[in-house]
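S.K.:
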Amino acid sequence: MLPENTVLPENTVGGAHRVRTALRICPLCEATCGLTLTIEGRTVTGSRGDREDVFSKGFICPKGASFGELDADPDRLRAPLVRRGGRDGVLAEASWQEAFELIAARLRPLIEEHGPQSVGVVLGNPNVHTMAGALYPAALLGALRTRNLFTASTLDQMPKHVSSGLLFGDPFAIPVPDLDRTDHLLLLGANPLESNGSLCTAPDFPGKLRALRKRGGTLTVVDPRRTRTARLADRHVAIRPGTDALLLAALAQVLFEEKLTGLGRLADHAEGMSEVHDAIRDFTPEAVGPACDMSAGEIRAIARELAAAPTAAVYGRIGSCTVEFGTLASWLVDVLNILTGNLDRPGGALFPLSATDRAPRTPAPGKGFALGRWTSRVSGHPEAKGELPLAALAEEIETPGEGQIRAVIALAANPVLSAPDGDRLDRALAGVDFMVSVDPYLNETSRHADVVLPPPPPAQSAHFDFAFNGFAVRNQVRYTPAAVPLEDGRLDESEILARLVLAVSGMHGAAPSAVDEMVIDRTLGKAVTDPGSPVHGRDPKELAARLTGRTGPERRLDLMLRLGPYGAGFSTEEPSGASGASGASGASDASDAEDPSGTEGLCLDRLLERPHGIDLGPLRPRVPSLLKTRSGRIELLPAPIAADLPRLRGALAARPASLVLVGRRHLRSNNSWLHNIPALSGGSNRCTLQIHPDDAARLGLAEGRPVRISADGGVLEAPVEITDAVRTGVVSLPHGWGHSRPGTRTTVASARPGVNVNQLLDGSRLDPLSGTAVLNGFPVELSPTAG
Ligand SMILES: Nc1nc2c(c(=O)[nH]1)N[C@H]1C(S)=C(S)[C@@H](COP(=O)(O)OP(=O)(O)OC[C@H]3O[C@@H](n4cnc5c(=O)[nH]c(N)nc54)[C@H](O)[C@@H]3O)O[C@H]1N2
Ligand SMILES: Nc1nc2c(c(=O)[nH]1)N[C@H]1C(S)=C(S)[C@@H](COP(=O)(O)OP(=O)(O)OC[C@H]3O[C@@H](n4cnc5c(=O)[nH]c(N)nc54)[C@H](O)[C@@H]3O)O[C@H]1N2
Ligand code: SF4
Ligand SMILES: [Mo]
């Protein structure tokens, strides 16, 4: 179906196969390690940790070490694909010109006829790992004016955005555990030894946990599986899945009952203490113990340890988010941090201040955070942070009527594998009028597109972490330009997305830089009229003219750095030469801290002078200036949370299912898309159903034999792996597998497809406040297969 790949001749400028090195921040997980790539000609032949990186200091994992193989994967698409012969036609390579022309020709009339809601946008996880993914989706959504936005967040961290929005008035104000300084870490539903951490950007997370133990600190891990992280802990609690919110409520209840609360400095900035106390009064250790499968004594002990630790942080991730009470659990994590006085203090849980954040302002009441400003058309799910649940995408495509989704734009997303009921979504996507995928692979989702726009391999892209610096355990800033020049015939992903914005706006053919200049104009236009901005009253044209950068994204980065907390705000005095950028010395934290924005004057040029990055010091307190609630205070018991607590109370009396399923991650995986890399996918089959020996014996299951797994949404078969690393009553199957559909081009993955765990779900189980799918702790039944 596809023309054979043609390998372009090596770029021989500067001598054939000249060996050199280049720095590249790793885009494969949230740890954002700095890598040193070895490059021969245009090929990445090696990858090691950059020891001089100010943040990652040489750390690397097997994924980062496989960067070269990933970059050179022969299955990566090299040119756009366009479907010829209507929806039932075949995908064939085409020119960029033809691809964008088709998008403009098909989408504009569709929007004009059926309105803006007729386009659904799906944003997948890699958007937070690319510059393009950070810089263009807002413009795309602005141009489309659709409310049908679905992202991987509703399969992931949306509960945390909602709880932060309600508590602090800002869904992005997410505190991170101060890993390097804390004395006590209570970690729930996270396995950083495999995942390398999430909503807590920390290269060498494992090393940081070991260092915590070494300096006499304690680690408690709450996880139904005895993970590699749990094995490092002082205490491992094999909780019953889905009950973390009950445990956390009981911990808070004990703190109140035993008068162990102490807000410290936050007392002046928080309201609703006694209301929280009243609201959780009946979640005693005795009441929640049976549901969590824990003793009341152990719950009390954990609460007392938390209160007694000189500093402590509570941190919850996937296993506390993608569950029935995800938002309540996420809220309670921070309630505990607040009640123990650990929020916003060194050693506790602090808010990072990234170089592209808004510069801190004088504290003032904000607009607050509203939920459910609109609802989904078919099931009436409330929006959260402007998004609808990804689990509801299929029904929005399938159900006829005003506002039906008829076209889909998927950026870096593979929801056919990552969202509930992939088979249904697969059928739904097959039935849309028009679909665009921006994706390097022809996979389970992009195979439905009429136009596939492939970004270049990562070595050919510049990198800056707009998202993850805001969740980093240390303030720092790093930028790596493309390590290898863009291959002939390729477009940078930024240009792809800019052209896509133009195509859907009826501006097809305009220069892609127009999109960047429009954003720059708008940002500066707003800033100069804002009395709190350092550029208030200045001339936006003059400011724009001073931006440096060879590309639109670089100019926009320069703008954000200059207006950000470490920038000089275009002060008329330009930063003095290289010696001024002393931040990189690392030894000067204190003085940087005193005046991080003063003469430093962070801007793109400054950053380019420091290829290994600039250390901006340890995390510092940010309350109250970051609060954006209407009261200007931390609102401890927001109304939507209070309204959801009866549901949690209901769980106290519910009879637990006899067997529930949870997921797991493997160090060499990354959701659905690294199974095509031989170095990361060899060895024994990883898509196995883990089960405790007692449950296996009870159900007559044998090691290595296939077992039938059934749940609300469907039936699967997977090989049995008997291990006491999962507790009784719990089985585990990883996600991202199921590479068995026709019409894909992922040769290695398709040879060992595994099964798609999300086929067990029908999309109806959601955390109601955030619209996040319940991917962990849902009931399943098992039976041995015949034969
Ligand atoms: N059962 C279960 N399901 C889960 C989870 C779970 O724990 N259990 N986890 C959930 C979580 S946390 C997440 S974040 C989601 C992820 O859900 P998705 O984002 O849908 O899944 P990914 O596998 O990350 O798919 C990313 C897509 O981006 C493409 N891609 C890779 N690099 C680039 C790039 O540089 N540019 C572009 N344009 N595309 C790129 C890949 O080829 C792939 O098609 O899955 C969720 N699904
Ligand atoms: N190697 C690798 N790294 C990755 C990814 C990957 O796919 N592979 N994906 C990336 C992405 S998109 C994300 S969001 C992060 C996620 O990073 P983490 O949150 O660390 O993800 P997991 O490793 O899935 O860990 C979740 C843990 O929760 C446990 N769990 C399940 N249900 C419950 C429950 O009800 N209560 C409690 N307390 N625990 C429970 C599971 O057993 C599991 O060990 O990882 C990122 N990093
Ligand atoms: S830990 Fe994450 S960022 Fe670091 S090398 Fe591995 S995949 Fe890349
Ligand atoms: Mo994720």
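With my numbering applied, the sequence shown closes on residue 789, and no number is skipped along the way.
We treat Cβ as the ideally placed atom computed from N, Cα and C, and that holds for glycine.
Note that this is a predicted model, so its numbers are computed, not measured.
I'd like the ranges of any alpha helix (DSSP H) spanning at least 4 consecutive residues and lying wholly in the segment 511 to 574.
M.R.: Listed in chain order, the complete alpha helix (DSSP H) runs (minimum 4 residues) inside the segment 511 to 574 are 515 to 530, 542 to 547 and 554 to 565.
S.K.: Kindly indicate the opening and closing residues of the beta strand (DSSP E) around A315.
M.R.: Note, A315: beta strand (DSSP E), A315 to G318.
S.K.: Whose C-alpha, out of C605, A247 and D714, is nearest the C-alpha of L654?
M.R.: The residue with the shortest Cα to Cα distance from L654 is A247.
S.K.: Using only the alpha-carbon positions, how far apart do T790 and V337 sit?
M.R.: Since the displayed the chain opens at 3 and closes at 789, residue 790 lies outside it and no answer follows.
S.K.: Quick check for students: name the residue ranges of the alpha helix (DSSP H) that lie wholly in the segment 480 to 510, counting only runs of 4 or more.
M.R.: You should have 495 to 506.
S.K.: Nearest CA to the CA of V662: which residue from S712, Y317, A645 and T364?
M.R.: Taking only the C-alpha atoms, the option nearest V662 is S712.
S.K.: Is any heavy atom of ligand 4 found at a distance shorter than 7 angstroms from the C-beta of N127?
M.R.: True, at least one ligand heavy atom lies under 7 angstroms from that Cβ.
S.K.: Enumerate in chain order the residues of its own chain whose CB-to-CB distance from G48 is below 8 angstroms, with the five nearest sequence positions on each side excluded.
M.R.: Here the set comprises L39, T40 and G70.
S.K.: Among the candidates V92, S197, E544 and I176, whose CA atom is the shortest distance from the CA of P736?
M.R.: Comparing Cα positions, the closest option is S197.
S.K.: With a Cβ-Cβ cutoff of 8 angstroms, do D55 and L621 count as a contact?
M.R.: Going by C-beta atoms, D55 is not nearer than 8 angstroms to L621.
S.K.: For a test of the three-state rule: what should DSSP assign to N672, helix, strand or coil?
M.R.: It is coil, neither helix nor strand.
S.K.: Grab me the residues of G199's own chain with a C-beta within less than 7 angstroms of its C-beta, minus the 5 sequence neighbours each way, in chain order.
M.R.: Contacts found: E32, A33 and F207.
S.K.: Among the residues of its own chain, which have a CB less than 6 angstroms from the CB of K630, if the five just before and after it don't count?
M.R.: If we look at K630 and ignore the five residues flanking it on each side, its Cβ neighbours are G171, D172 and G368.
S.K.: Anyone know if the C-beta pair for G765 and S674 falls short of 8 angstroms?
M.R.: Against a cut-off of 8 angstroms, the Cβ pair of S674 and G765 comes out as no contact.
S.K.: Here's a check: name, in chain order, each residue in its chain whose Cβ is nearer than 6 angstroms to the Cβ of L428, leaving out the five neighbours to either side.
M.R.: The sequence shown places Asp at residue 428, not Leu. If we look at D428 and ignore the five residues flanking it on each side, its Cβ neighbours are V418.
S.K.: Could you give the residue range of the alpha helix (DSSP H) that holds S683?
M.R.: Run containing S683: P680 to S683, per the alpha helix (DSSP H) assignment.
S.K.: Please go through the same chain and pick out, in chain order, the residues whose beta-carbon is closer than 6 angstroms to the beta-carbon of P128, but skip the five residues on each side of it.
M.R.: Contacts found: A414.
S.K.: For L771, name the three-state secondary structure that DSSP assigns.
M.R.: If DSSP states are grouped into helix, strand and coil, L771 belongs with coil.
S.K.: Taking all protein chains shown into account, decide if E611 is buried (16 or more other Cβ within 10 angstroms of its Cβ) or exposed.
M.R.: Answer is exposed; the Cβ neighbour count stays below 16.
S.K.: By alpha-carbon positions, which one of T45, P64, C28 and P459 ends up nearest to L682?
M.R.: Of T45, P64, C28 and P459, the residue nearest in Cα terms is P64.
S.K.: Looking at C-beta atoms only, is the number of pairs between the segment 499 to 510 and the segment 641 to 648 that lie closer than 8 angstroms three or more?
M.R.: With a cut-off of 8 angstroms, the segment 641 to 648 and the segment 499 to 510 do not count as touching, because too few Cβ pairs lie within range.
S.K.: Within a Cβ cutoff of 7 angstroms, which residues of the same chain sit near L561, ignoring the five residues on either side of it in sequence?
M.R.: Excluding sequence neighbours, L561 sits near I522, T525 and L549.
S.K.: Given G706, which residues of its chain have a CB within under 7 angstroms of its CB, disregarding the five upstream and five downstream residues?
M.R.: Here the set comprises P721 and V722.
S.K.: Is there contact here, the segment 176 to 194 with the segment 400 to 412, by at least three beta-carbon pairs under 8 angstroms?
M.R.: These segments do not touch.
S.K.: Starting from the N-terminal end, write out each residue whose C-beta falls within a distance shorter than 6 angstroms of any non-hydrogen atom of ligand 3.
M.R.: Going along the chain, the residues that qualify are C28, L30, C31, A33, T34, C35, I62, C63, K65, G66, N198 and P205.
S.K.: For P205 and L30, what's the separation of their Cα atoms in angstroms?
M.R.: Rounded to whole angstroms, P205 to L30 spans 12 angstroms at the Cα level.
S.K.: Return the CA-CA distance between H668 and N678, expressed in angstroms with no decimal places.
M.R.: Their Cα atoms are separated by approximately 15 angstroms.
S.K.: Starting from the C-beta of L718, find all residues in its chain whose C-beta is less than 7 angstroms away, skip the five residues before and the five after it, and write them out in chain order.
M.R.: Here the set comprises I711, V757, Q761 and L762.
S.K.: Apart from the five residues on each side of it in sequence, which residues of its chain come closer than 6 angstroms, Cβ to Cβ, to G167?
M.R.: P173 and F371.
S.K.: Would the beta-carbon of P243 be found less than 7 angstroms away from any heavy atom of ligand 1?
M.R.: Because no heavy atom of ligand 1 lies under 7 angstroms away, the Cβ of P243 does not count as near it: no.
S.K.: Taking 7 angstroms as the cut-off, is the CB of D617 close to at least one heavy atom of ligand 5?
M.R.: For the structure depicted, ligand 5 is absent and the ligand set comprises only ligand 1, ligand 2, ligand 3 and ligand 4.
S.K.: Would you report the Cα separation of F473 and F466, rounded to the nearest angstrom?
M.R.: Those two C-alpha atoms are separated by around 14 angstroms.
S.K.: Check this for me: beta carbons of A357 and Y568, under 8 angstroms apart or not?
M.R.: Yes.
S.K.: Enumerated in chain order, which unbroken segments of the alpha helix (DSSP H) with a length of 4 residues or greater are wholly contained in the segment 680 to 732?
M.R.: Runs found: 680 to 683 and 695 to 701.
S.K.: Report yes if the C-beta distance between A175 and R319 is below 8 angstroms; otherwise report no.
M.R.: The answer is no: Cβ separation not under 8 angstroms.
S.K.: Starting from D617, trace the beta strand (DSSP E) in both directions and tell me its first and last residue.
M.R.: Looking at the DSSP string, the run of the beta strand (DSSP E) that includes D617 is I616 to P620.
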